[in-house]
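The listed protein sequences correspond, in order, to chains Y and S.
The numbering of the first sequence is the numbering used here, which starts it at 273 and goes up by one.
The numbering of the second sequence is the numbering used here, which starts it at 273 and goes up by one.
Protein chains: 2
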Amino acid sequence: MLLGSIEAGGTKFVCAVGNEDYQVKEQIQYPTTTPEETIQRSIDFFKKYPDLRAISVASFGPIEIRKNTEKYGYITDTPKVGWSQTNFLGMLQKAFDLPIYWTTDVNGSAYGEYTLALASGNQIDALTYYTIGTGVGAGTILNGQFIGTLGHPEVGHVRLKRHPDDLDFKGICPYHGDCLEGLVAGPTFEARTGKKGQDIPLSDHVWDIMAYYVAQAALQTTLHIRPQKIVFGGGVVSETFLKKVRHEFATLMNDYQDVGDLEDYITMPIAENNGSATIGNFALAYREVKSADN
Amino acid sequence: MLLGSIEAGGTKFVCAVGNEDYQVKEQIQYPTTTPEETIQRSIDFFKKYPDLRAISVASFGPIEIRKNTEKYGYITDTPKVGWSQTNFLGMLQKAFDLPIYWTTDVNGSAYGEYTLALASGNQIDALTYYTIGTGVGAGTILNGQFIGTLGHPEVGHVRLKRHPDDLDFKGICPYHGDCLEGLVAGPTFEARTGKKGQDIPLSDHVWDIMAYYVAQAALQTTLHIRPQKIVFGGGVVSETFLKKVRHEFATLMNDYQDVGDLEDYITMPIAENNGSATIGNFALAYREVKSADN
Numbered sequence: 273m274l275l276g277s278i279e280a281g282g283t284k285f286v287c288a289v290g291n292e293d294y295q296v297k298e299q300i301q302y303p304t305t306t307p308e309e310t311i312q313r314s315i316d317f318f319k320k321y322p323d324l325r326a327i328s329v330a331s332f333g334p335i336e337i338r339k340n341t342e343k344y345g346y347i348t349d350t351p352k353v354g355w356s357q358t359n360f361l362g363m364l365q366k367a368f369d370l371p372i373y374w375t376t377d378v379n380g381s382a383y384g385e386y387t388l389a390l391a392s393g394n395q396i397d398a399l400t401y402y403t404i405g406t407g408v409g410a411g412t413i414l415n416g417q418f419i420g421t422l423g424h425p426e427v428g429h430v431r432l433k434r435h436p437d438d439l440d441f442k443g444i445c446p447y448h449g450d451c452l453e454g455l456v457a458g459p460t461f462e463a464r465t466g467k468k469g470q471d472i473p474l475s476d477h478v479w480d481i482m483a484y485y486v487a488q489a490a491l492q493t494t495l496h497i498r499p500q501k502i503v504f505g506g507g508v509v510s511e512t513f514l515k516k517v518r519h520e521f522a523t524l525m526n527d528y529q530d531v532g533d534l535e536d537y538i539t540m541p542i543a544e545n546n547g548s549a550t551i552g553n554f555a556l557a558y559r560e561v562k563s564a565d566n
Numbered sequence: 273m274l275l276g277s278i279e280a281g282g283t284k285f286v287c288a289v290g291n292e293d294y295q296v297k298e299q300i301q302y303p304t305t306t307p308e309e310t311i312q313r314s315i316d317f318f319k320k321y322p323d324l325r326a327i328s329v330a331s332f333g334p335i336e337i338r339k340n341t342e343k344y345g346y347i348t349d350t351p352k353v354g355w356s357q358t359n360f361l362g363m364l365q366k367a368f369d370l371p372i373y374w375t376t377d378v379n380g381s382a383y384g385e386y387t388l389a390l391a392s393g394n395q396i397d398a399l400t401y402y403t404i405g406t407g408v409g410a411g412t413i414l415n416g417q418f419i420g421t422l423g424h425p426e427v428g429h430v431r432l433k434r435h436p437d438d439l440d441f442k443g444i445c446p447y448h449g450d451c452l453e454g455l456v457a458g459p460t461f462e463a464r465t466g467k468k469g470q471d472i473p474l475s476d477h478v479w480d481i482m483a484y485y486v487a488q489a490a491l492q493t494t495l496h497i498r499p500q501k502i503v504f505g506g507g508v509v510s511e512t513f514l515k516k517v518r519h520e521f522a523t524l525m526n527d528y529q530d531v532g533d534l535e536d537y538i539t540m541p542i543a544e545n546n547g548s549a550t551i552g553n554f555a556l557a558y559r560e561v562k563s564a565d566n
C-alpha cells in the first residue's frame, strides 16, 4: 500500500511516499517559499503515484486542528511571511480524492516515535515529543489520540524559573521574551554569546543553563501529563546535551515521583536523520485508510 | 440506583450515598484519623445501604492508579502520618462485593465539573480542575478519560518564573522549596506575612503575587493540554481572586493563543460547597455499573 507524507517545516518541506511498514520508496525535500509554489511541488510529487491511498501532513503552525471549524486545515496566524491564513489542507483536497490526515509537525514526530516504540515491543500508552530547534514545540500522543482540544499544544511559550547565572538575558520571543522558546531556541545562542550553538563546546556553561530550562520543560510535561517517555529532537539536541538535561531533571524532581530509568525516559528519537515525522505520517495515513475501510 | 462516594482528604472524609442523577440521599463527614478507623467509618456508613451498586473513591495522594501494578489502590508515600502504604481499595474490596472506582481527589472533582458542564449543555471534551488549598494539585479529563499514564499528574511541583516582588521568599515545599505548591498553597500566607490568608484583604499586594503564579499554572495547563475549561477550587480561591488570575493570564498570554472568553475559561466550580468530587464520584460509580452491565 502506498502512503504519502508531508513534513511541512518553516524552512523546508520533506515529502515522501512509502508503505505501511514505514519503508520510504521515494523522498524529496525543497525549501519553503510561497504557499502556492511549495504546496504545488508536493502535489506534483504525489501525482506521480496514482495508487496512493492516503496522505498525512505534519505542519508547522499554528494550525487549525478543530474539524468543526471553518478554518480546519489552515495554517493560521504564523510569523512565517506569506503563510498566514493558508488553506493547506484545502489545496491538497482539491488535488487528491484521498483521505488526508492533518496535524502539527511535533504531533507527527510524536506519532512516529510512538509507532517505533510499539514496534520495538515497548508497551507505551503516552509519549511526548519535543523539538528544540529554530522554535520549540511538543506533541503528545495518549492512548492513540493527540492531546489538544481547544487547539494544539504550544508548550514553547510557558514560563520558567530563571537560572541564577542567566538573569540578565531577556529572551528572544517576540511575544513573551523569556518563555521556554525565548530562552532555549537555537537562535538564543547567538543572542547570548554572539556565536552559533554549533560553535560552542558542550563544556561551556551556557549549555548547563540550557539544560536547566529544558529539564524544567520535561518536568512540566511529567507533572501535567505523566507520559511514559519524553523524546527530544531538533537541532539543539544531542545525547551529550540530554545527559545534562537528565541531571538537571533529577535535581529538580528531588525523588518526588518515580519515572523509572531516566535514560529510558528522556531520550533522543529512535528514528534516524529527523525521520520521526515521516514515519508518523505513514502510520497516520495508514490509520486513515483503515478507518475509511471500516 | 444507589451509588457511593468517598472524598478522602488528608483532613476530613466526606462519604455520601446518592443516585445517578447526582442527588445526595445521605452524607456524613468526619476527621481523618488512622487509616483503619477512618476507612472503617466509611465501610460502616455504606453497610447501611445493601442496595448500593457501586462506589467511587477520590483520594488524597500520592496514590497508585496503574491497574497492572501490585500496589494498585494504595495510598503510596504520603507525608500524612500513618497513611503511607495504605491498601485503601483493598480494605473496601474486602467489605463490598461491588465495582469500586479509584482515582485522585482532583480527578474526582474534575469529573464532577465535567459532568455538570455537560449536563448544562456545554460541549466539553477536556477540562482541568485545580485545587489551591492546603496543597496544590490538578486533574484533567480528556474525552472521558483521565490524563495520567505513568501515574497521576502532580502539577503542584512545577517551577515558575518568580514575581519580582517575591524573590526573597524561599517557598514552603519540603521537596522543592519554590515550586507552585511551595509558592501558593494556603500556608504560604502565614509564611510570607505572619497572617492567615483569610485575614489578608484581597487588595493586599500578596494576592497579586499569588495571582501571577496561579496564572502561570493556568498558562502551563493551557499550553500543554489545551482544555476547554480550567476550574479552580480550594480554600484559597474566590471569584475576586480569579479576576486577578484572569488579568495576569491575559498579560502572560499576550494574545498568542485564543482561549475564548476568559470568564468562561478560568472559572470557579459549578458545584456548590466543594461538592464537585461527590458529584464526580456518583458519575464515576454510575459509569462502573454501566460498564459492568455491558
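Ideal Cβ placement from N, Cα and C applies to all residues, glycine included.
A quick note: this is a predicted structure, and the numbers were derived from the prediction, not measured.
Against residue i, what residues of chain Y qualify as contacts under a CB-to-CB distance less than 9 Å, listed in chain order?
i	result
Ala457 of chain S	Near Ala457 of chain S there are no residues of chain Y at all, since even the closest Cβ is about 15 Å away, more than 9 Å.
Leu556 of chain S	Simply none; closest approach about 18 Å.
Gln488 of chain S	Val430, Arg431
Asn545 of chain S	Result: empty, since nearest Cβ-Cβ is about 28 Å, beyond 9 Å.
For residue i, which option in the options has the closest C-alpha, if you only look at C-alpha atoms?
i	options	result
Ile538 of chain S	S:Ala483, S:Ala549, S:Ala555, S:Gly420	S:Ala483
Asp450 of chain Y	Y:Val408, Y:Lys339, Y:Leu414	Y:Val408
Glu385 of chain Y	Y:Ile300, Y:Ala549, Y:Thr376	Y:Ala549
Lys352 of chain Y	Y:Asp471, Y:Gly281, Y:Pro499, Y:Thr465	Y:Gly281
Gly547 of chain Y	Y:Ser563, Y:Leu274, Y:Gln301	Y:Gln301
Thr305 of chain Y	Y:Pro371, Y:Trp374, Y:Gly354, Y:Ile472	Y:Gly354
Ile347 of chain Y	Y:Thr523, Y:Ile278, Y:Asn359, Y:Arg434	Y:Asn359
Phe461 of chain S	S:Ile481, S:Tyr447, S:Thr376, S:Ala288	S:Ile481
Met540 of chain Y	Y:Thr523, Y:Glu520, Y:Thr512, Y:Val561	Y:Thr512
Tyr392 of chain Y	Y:Phe554, Y:Ile542, Y:Ala487	The amino acid occupying residue 392 of chain Y in the given sequence is Ser; Tyr does not appear at that position. The shortest C-alpha separation from Ser392 of chain Y is found at Y:Ile542.
When the cut-off is 9 Å and only beta carbons count, does residue i lie next to chain S?
i	result
Leu524 of chain Y	yes
Gly469 of chain Y	no
Lys320 of chain Y	no
Gly423 of chain Y	yes
Lys339 of chain Y	no
Tyr272 of chain Y	With chain Y covering 273 to 566 only, the question about residue 272 of chain Y has no answer from this structure.
Asn379 of chain Y	no
Thr375 of chain Y	no
Asp450 of chain Y	yes
Ala410 of chain Y	yes
Leu514 of chain Y	no
Pro541 of chain Y	no
Residues of chain Y with CB closer than 7 Å to the CB of residue i, please, in chain order.
i	result
Thr595 of chain S	Given that chain S is displayed from residue 273 to residue 566, the structure contains no residue 595 of chain S and the question cannot be resolved.
Asp397 of chain S	Thr421
Thr493 of chain S	His496
Would you identify the three-state DSSP class for residue i, choosing helix, strand or coil?
i	result
Leu399 of chain S	strand
Tyr537 of chain S	helix
Val427 of chain Y	helix
Pro459 of chain S	coil
Ala489 of chain S	helix
Tyr346 of chain Y	coil
Glu453 of chain S	helix
Ile542 of chain S	coil
Thr412 of chain S	strand
If we define contact as Cβ-Cβ less than 9 Å, is residue i a contact residue for chain Y?
i	result
Tyr528 of chain S	yes
Tyr344 of chain S	no
Ile603 of chain S	As shown, chain S starts at 273 and ends at 566. That puts residue 603 of chain S outside it, with no answer to give.
Gly532 of chain S	yes
Asn291 of chain S	no
Ala330 of chain S	no
Asn415 of chain S	yes
From the DSSP output, read off the bridge partner residues of residue i.
i	result
Trp355 of chain S	The partner list for Trp355 of chain S (beta bridge, DSSP) is empty, contrary to what the question assumes.
Lys284 of chain Y	Y:Pro303
Ile278 of chain S	S:Cys287, S:Val329
Asp361 of chain Y	Note on identity: in this sequence residue 361 of chain Y is Leu, with Asp being the wrong assignment. Leu361 of chain Y is not bridged to any residue.
Lys501 of chain S	S:Leu399
Tyr373 of chain Y	Y:Ser328
Quick one: which chain S residues come within Cβ less than 9 Å of residue i?
i	result
Arg498 of chain Y	Ile419, Gly420, Thr421, Leu422, Gly423, His424, Pro425, Glu426
Asn394 of chain Y	In chain order: nothing, as chain S lies at least about 13 Å away.
Which residues in chain Y sit within 8 Å of residue i, going by Cβ to Cβ distance?
i	result
Arg434 of chain S	Lys433, Arg434
Leu324 of chain S	Result: empty, since nearest Cβ-Cβ is about 30 Å, beyond 8 Å.
Asn601 of chain S	Because chain S spans 273 through 566 in this model, residue 601 of chain S falls outside it and cannot be assessed.
Applying a beta-carbon distance threshold of less than 8 Å, which residues of chain S neighbour residue i?
i	result
Thr388 of chain Y	Thr is not the amino acid found at residue 388 of chain Y; the sequence shown has Leu there. By Cβ distance, chain S contributes nothing, its closest Cβ being about 18 Å from Leu388 of chain Y, past 8 Å.
Leu275 of chain Y	What Leu275 of chain Y touches in chain S: nothing, since even the nearest Cβ is about 26 Å away.
Leu370 of chain Y	Result: empty, since nearest Cβ-Cβ is about 27 Å, beyond 8 Å.
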